[in-house]
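Its first residue numbered 11, the sequence shown is counted upward by one per residue in the numbering used here.
Cβ atoms here follow ideal geometry from the backbone N, Cα and C, with glycine treated the same way.
The structure presented is a predicted model; accordingly, all values stated were derived computationally and were not measured.
For reference, the structure discussed in these notes is given below.
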Amino acid sequence: MQVREQIHPSALTFVEMTTPERQQRRKARLMSILTEGLPTLPSFVFELNTLLSSPSVDLKRVAKVIRNDPSISAQVLRMCNSALFSLRRRVLSIEEAAVLMGSERLRTLVLTCSMMEFTGRQLPRGEVQAYWQHSFMSGMLSERVAKWLEYSEREQAYLGGLLHDIGMLPLLVVVAEEHALRGDTVSGPWGGSLEAEKGDFGLNHCEVGRWIGQSWNFFPSFIDVFENHHHPERSSRDPHLVGIVSAADHFCEAHSLASPSDGETQELSDPAAEDEFLARCLPRLEAKERSELTEMLETEYLHLLPVIEFNNPTEQPTAGRTALI
């Protein structure tokens with residue numbers, strides 16, 4: 011049985027029928043973003059990375075570095091206090107966040123907030139929300155899979171799941187720019203597979219993700235995730251990490267509730283296809299183990315679903331809703 015590509019949940023913008031001229035124009039704009047317009051990570055992220063990598067972490071220095079960017083500082087505290095992390099008490103300071111969350115998770119959180127701030131400025135609210143909902147769920151489930159497999163680098167699994175679709179962002183920016191120029195509104199799905207993206211843009215989001223990973227000097231294992239999460243068997247650096255993230259990502263996509271035009275929800279899951287893809291992701295698992303892992307993912311997915319909800323990172327939280335940012 012051939013596993014079909016899932017439509018990506020953040021691919022919400024209609025792209026009109028692509029002509030060779032349109033494809034070349036979009037590809038040229040993509041290359042412009044990647045070579046000239048790609049935001050550089052804030053310098054404090056690199057300084058923070060050095061501080062948090064030290065065997066003896068100086069929490070006062072860490073807090074001082076984060077507070078240099080008030081917006082990021084506020085977002086970190088807001089996320090710490092969200093239902094997503096379920097901390098035992100309300101976090102009031104960056105020092106408390108570091109103690110309760112651990113230096114590795116804090117480092118991941120700061121990087122995430124930096125990226126969310128950028129996407130909040132560049133993309134429509136609906137695009138941002140759909141992208142980050144999928145990303146957070148993939149990150150949390152990747153961490154659960156890593157724990158279930160007794161994989162030692164659980165934080166890497168979380169970060170890999172969180173950022174695996176980083177290459178999708180420039181594609182979404184290009185489409186948003188097209189709609190802004192025409193003055194029309196977002197409607198319906200575009201793309202739906204790596205092949206469709208290639209036809210529409212000349213590049214797919216995995217190729218763009220590899221470019222971004224190299225530009226931002228990510229570890230080779232993360233670049234491997236960005237490039238190969240749809241085809242884990244092609245992994246060359248860290249097949250285990252890529253397999254973990256691929257399994258979580260595919261599970262999220264297969265179990266997403268679509269919202270067709272008639273307003274009804276539609277279950278996209280195909281158990282046989284899921285099991286086949288899971289075998290590709292984690293080839294050492296026997297059929298019984300894959301079944302047990304799938305049951306665990308189903309339980310965790312339902313548990314996390316109510317808390318994977320947040321607003322545009324550039325806006326204030328809406329009353330009555332759980333806002334991660």
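The C-alpha of Arg290 is placed about 17 angstroms away from the C-alpha of Leu307. Taken atom to atom, the span from the alpha-carbon of Ala186 to that of Gln34 is near 17 angstroms. Secondary structure of Phe261 (DSSP, three-state): helix.
In this structure, Pro230 lies away from Arg244, with their beta-carbon atoms at least 7 angstroms apart. Annotation: the continuous alpha helix (DSSP H) that includes Asn59 extends over Ser53 to Leu62.
The Cβ atoms of Asp280 and Arg300 do not sit closer than 7 angstroms to each other. Here the alpha carbons of Arg32 and Leu87 stand approximately 43 angstroms from one another. Pairing Phe232 with Gly149 gives a Cβ-Cβ distance that is not under 7 angstroms. Between Phe211 and Leu40, the CB-CB gap stays under 7 angstroms. Comparing C-alpha distances from Leu315 to each of Gln143, Arg100 and Pro249 shows the shortest one belongs to Gln143. If you draw a 10 Å sphere on the C-beta of Asn227, you find fewer than 16 other C-beta atoms in it, and that means exposed. The Cβ atoms of Ala258 and Leu151 lie closer than 7 angstroms to each other.
DSSP places Trp221 in the helix class (H, G or I) of the three-state scheme. Taking Lys208 as the centre and dropping the five residues before and after it, the same chain places the C-beta of Asn214 closer than 7 angstroms to its C-beta, in chain order. With a cutoff of 7 angstroms on beta-carbon distance, Phe236 and Ile176 are scored as near each other.
Arg164 has its alpha-carbon roughly 20 angstroms from the corresponding atom of Val67.
Taking C-beta atoms under 8 angstroms as the contact rule, His265 and Phe287 fail to qualify, at a distance of about 13 angstroms. Per DSSP, Ile176 is not a residue of any alpha helix (DSSP H), being assigned neither H nor E.
The continuous alpha helix (DSSP H) containing Glu308 extends over residues Ala297 to Leu314. Contact between Trp158 and Leu303 holds, with the beta-carbon distance rounding to 6 angstroms and staying under 8 angstroms. Taking C-beta separations shorter than 7 angstroms and ignoring five residues to either side along the sequence, the partners of Arg117 in its chain run Leu58, Asn59 and Leu62, following chain order. Asn238: member of the alpha helix (DSSP H) spanning Pro230 to Asn238, first to last residue.
The alpha-carbon separation between Leu251 and Gln166 amounts to approximately 8 angstroms. In this structure, Leu172 keeps its C-beta atom at 7 angstroms or more from the C-beta atom of Ala108.
Taking 8 angstroms as the upper bound for CB-CB distance, Val184 and Arg36 are in contact here, some 5 angstroms apart. Where Ser148 is concerned, the enclosing alpha helix (DSSP H) starts and stops at Arg135 to Leu159. In this chain, the alpha helix (DSSP H) harbouring Ser42 covers Pro30 to Ser42. With fewer than 16 other Cβ atoms inside 10 Å of its own Cβ, Thr309 counts as exposed. In this structure Ile82 touches Ser124 by the C-beta definition: roughly 6 angstroms separates them, less than 8 angstroms.
The C-beta distance from Met89 to Tyr141 rounds to 16 angstroms, too long to fall under 8 angstroms, and the pair is not in contact.
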